[in-house]
Amino acid sequence: MDFSIIIESLPPLLKATVITVLLAVVSVVFALILGFFTALARISKIKLLKAVSSVYISIFRGTPLLVQIFVIYYGLPQIDIELNPIPSGVLALSLNAGAYLSESFRAAILAVDKGQMEAAVSMGMTYGQAMRRVILPQSIRIAIPTLSNTYIILIKDTSLVSVITVTELLQMSTLIIAKTFEPLTIYLVAAALYWVVITFFTVVLDRLEKRTSRHVV
Amino acid sequence: MGIIQLQNIKKSFDENVVLKDINLSVGKSEVVVIMGPSGSGKSTLLRCITFLEEPDKGVIRLGENEVTAGNQPNKQRKATIRELRQNTGFVFQQFNLFPHRTALENVMEGPIVIKKMDRDQAKKKAIALLTKVGLADRMDHYPAQLSGGQQQRVAIARALSMEPMVMLYDEPTSALDPELVREVLLVMKDLAKEGMTMVVVTHEMGFAKDVADRVIFMDDGVIVEEGSSQEIFNNPKEERTKQFLQDVGEE
Ligand SMILES: Nc1ncnc2c1ncn2[C@@H]1O[C@H](COP(=O)(O)OP(=O)(O)OP(=O)(O)O)[C@@H](O)[C@H]1O
Ligand SMILES: [Mg+2]
Chain A
1 MDFSIIIESL PPLLKATVIT VLLAVVSVVF ALILGFFTAL ARISKIKLLK AVSSVYISIF
61 RGTPLLVQIF VIYYGLPQID IELNPIPSGV LALSLNAGAY LSESFRAAIL AVDKGQMEAA
121 VSMGMTYGQA MRRVILPQSI RIAIPTLSNT YIILIKDTSL VSVITVTELL QMSTLIIAKT
181 FEPLTIYLVA AALYWVVITF FTVVLDRLEK RTSRHVV
Chain B
1 MGIIQLQNIK KSFDENVVLK DINLSVGKSE VVVIMGPSGS GKSTLLRCIT FLEEPDKGVI
61 RLGENEVTAG NQPNKQRKAT IRELRQNTGF VFQQFNLFPH RTALENVMEG PIVIKKMDRD
121 QAKKKAIALL TKVGLADRMD HYPAQLSGGQ QQRVAIARAL SMEPMVMLYD EPTSALDPEL
181 VREVLLVMKD LAKEGMTMVV VTHEMGFAKD VADRVIFMDD GVIVEEGSSQ EIFNNPKEER
241 TKQFLQDVGE E
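Structure follows, in structure tokens:
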């Protein structure tokens, strides 16, 4: 192994790591919002909302993410929707993770004892007040482990948007290898950088989980 | 006219007819104890009063608020039901305290969220209520850090925080270890003395004898017999009541 190659390629790889993290963070924020409202739609009594959310979840969980990325980036221009690589990537990642997160949220909402909703509405709360004040704070705690899991998978999945020329960590590695012909070294450095990012978030999310569950035996 | 008035309440779950035309009137400051075998519809009746279950038929009036069962849900009706619920404190067998909030926060929640009371005032009030149920020294504990008896007393304080006209209890001591039953019954007794209107589903004979103005015996979705605790316990008229009292006595 040639260490000078590592030193030389480190700055662009670190820059690309920042892109990877940004892709993951921005996508997870959209996915959380999307997943949250999709979950509410799925448990609502309104049939149309239920149907639309179920179809969305089924499509995005039932097809490969890579196919979703291709449809958005290469497919949509055919009906005059042209998105740049990064927005395409963020859109695909958000829609995909949103479908998974909505199922976590839904399961977590349903996991809250039904006596909680009864206690809240029996005092005179509206459905919305009971959700906001009583049910959701408890479901978020329940959902954190699966949310963390989905987020970690999302970080790994950002590597798939390399195929639509987003220069995130994997794509940058490939570009560097094209010049240096050192695939083993460069890919191992890339793997190490993914590991650092994922381990960092794992630790942070574990702490968050411990903090939110401290009152519950 | 009673403070609670139930007229012709009917309720089925699918094929299972659980309440068959129940009529009941509870007067101000009256304490009514409901007894009856498992599955006779006691919980369902209590839950129908606050629309935790929607009755199939009948009219429910609580104070000023009257709701007819089975009507199409609209905004006006929902608001009436919410108002009716605000006037009713419901105490559950399993307490159902909010586990993510301290005892104090549990008791502040209703006034702040529903009555839009300011925090300081709600806190003062919650402290007074928790003191009243003997938990002044447990206010900052989370439910998981309290015994069953303490949790149920917090639940009673939480129900009282909405200043209800009536209190409904569904087997409030059934989930408790025997040595914790007394402390909860004492709190309920004090409330009765203060003139609170109460409907209590319980099998605590002692409590019924001491506190109840009227005991109702339910079986199979109907009120079989009602009267003073004296009449029901010492001199039951109906065969089913006698049988039930015998079964309970043998336990
Ligand atoms: N949500 C429900 N769905 C279907 N059936 C129900 C439901 N709630 C109650 N039932 C049925 O209604 C009947 C009466 O139940 P209820 O809980 O009112 O009885 P109970 O007198 O309170 O009995 P227990 O002393 O065991 O608490 C039972 O046959 C029960 O299985
Ligand atoms: Mg019951």
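Residue numbers (the UniProt record's numbering), protein chains in the order written: chain A, 1 to 217; chain B, 1 to 251. Positions of the beta carbon are idealized from the N, C-alpha and C atoms, including for glycine.
Taking a 10 Å sphere around the C-beta of A:Tyr74, we find fewer than 16 other C-beta atoms and assign the residue as exposed. Using a Cβ-Cβ distance cut-off of 8 Å, the region 153 to 169 of chain A and the region 90 to 100 of chain A are in contact, since at least three pairs of beta carbons, one from each stretch, lie closer than that value. One finds Phe98, His100 and Arg101 in chain B with Cβ atoms closer than 9 Å to the Cβ of A:Pro137, taken in chain order.
When 8 Å is used as the limit between beta carbons, B:Leu52 is near these residues of chain A: Glu118, Val121 and Ser122, in chain order. Between ligand 1 and B:Thr44, a heavy atom-to-CB distance of less than 8 Å is present. Inclusion of B:Ala159 and B:Gly89 in the CB contact set at 9 Å is warranted, their separation being smaller than that value. For A:Ser4, no beta strand (DSSP E) segment is defined; the enclosing uninterrupted segment is the alpha helix (DSSP H) at Phe3 to Ile43.
With three or more CB-CB distances shorter than 8 Å, the region 97 to 108 of chain B counts as touching the region 126 to 140 of chain A. Annotation for B:Arg138: Ala103, Leu146 and Gln150 place their beta carbon closer than 7 Å to its own, counting only its chain and skipping 5 residues before and after. The C-alpha of A:Ala41 is placed about 5 Å away from the C-alpha of A:Leu49. A residue is called buried once 16 or more other Cβ atoms fall within 10 Å of its Cβ, and A:Val204, having fewer, is exposed. For B:Val113, the chain A residues whose C-beta falls within less than 8 Å of its own C-beta are Met125, Gln129 and Arg133, listed in chain order. When DSSP states are grouped into helix, strand and coil, B:Tyr169 belongs to the strand group.
Within a 10 Å sphere around the beta-carbon of A:Ile69 sit 16 or more other beta-carbons, which makes this residue buried. Residue environment analysis places B:Ile223 among the buried positions, since at least 16 neighbouring C-beta atoms fall within 10 angstroms of its C-beta.
Here B:Phe207 is buried, its C-beta having at least 16 other C-beta atoms within 10 Å. One alpha carbon belongs to B:Arg82, the other to B:Thr68, and they sit about 14 Å apart. Of the heavy atoms belonging to ligand 2, none sits nearer than 8 Å to the Cβ of B:Asp21.
For A:Gly115, a Cβ of chain B is located within less than 9 Å of the residue's own Cβ. Just measuring C-alpha positions, the residue of B:Met35, B:Lys123 and B:Lys242 sitting nearest B:Val201 is B:Met35. The DSSP-derived three-state label of A:Met172 is helix. Shortest gap from the CB of B:Asp140 to any heavy atom of ligand 2: 8 Å or more.
With respect to chain A, the C-beta atom of B:Ala159 has a partner C-beta closer than 9 Å. A check of alpha carbon separations from B:Ser174 across B:Glu54, B:Leu19, B:Gln94 and B:Pro55 identifies B:Gln94 as the nearest. If you draw a 10 Å sphere on the C-beta of B:Ser161, you find 16 or more other C-beta atoms in it, and that means buried.
For a cut-off of 8 Å, the C-beta gap from B:Lys125 to B:Pro111 is around 6 Å, short enough to register as a contact. With respect to the 9 Å criterion, A:Met125 and B:Ile114 are classified as neighbours on the basis of their beta carbons. Contact of B:Met162 with chain A by beta-carbon distance below 7 Å involves Met123 and Gly124.
About 6 Å separates the CB atoms of A:Ile152 and A:Ile198; that is less than 8 Å, so the two are in contact. In terms of Cβ geometry, A:Val161 and A:Leu22 do not form a close pair [threshold 9 Å]. Note: B:Phe217 is bridge-paired with B:Met35 and B:Glu225 in the DSSP secondary-structure output.
Only residues of its own chain outside the window of five on either side were considered, and among them Glu209 have a CB closer than 7 Å to the CB of A:Pro145, listed in chain order. A:Val18 and A:Ile176 have their alpha carbons spaced roughly 17 Å apart. By the 16-neighbour rule on beta-carbons within 10 angstroms, A:Ile72 is buried.
Note on geometry: alpha-carbon atoms of A:Ser102 and A:Ala130 lie some 20 Å from one another. Judged by beta-carbon spacing, A:Val166 lies beyond the 9 Å limit of A:Leu66, meaning their Cβ atoms are not closer than that value.
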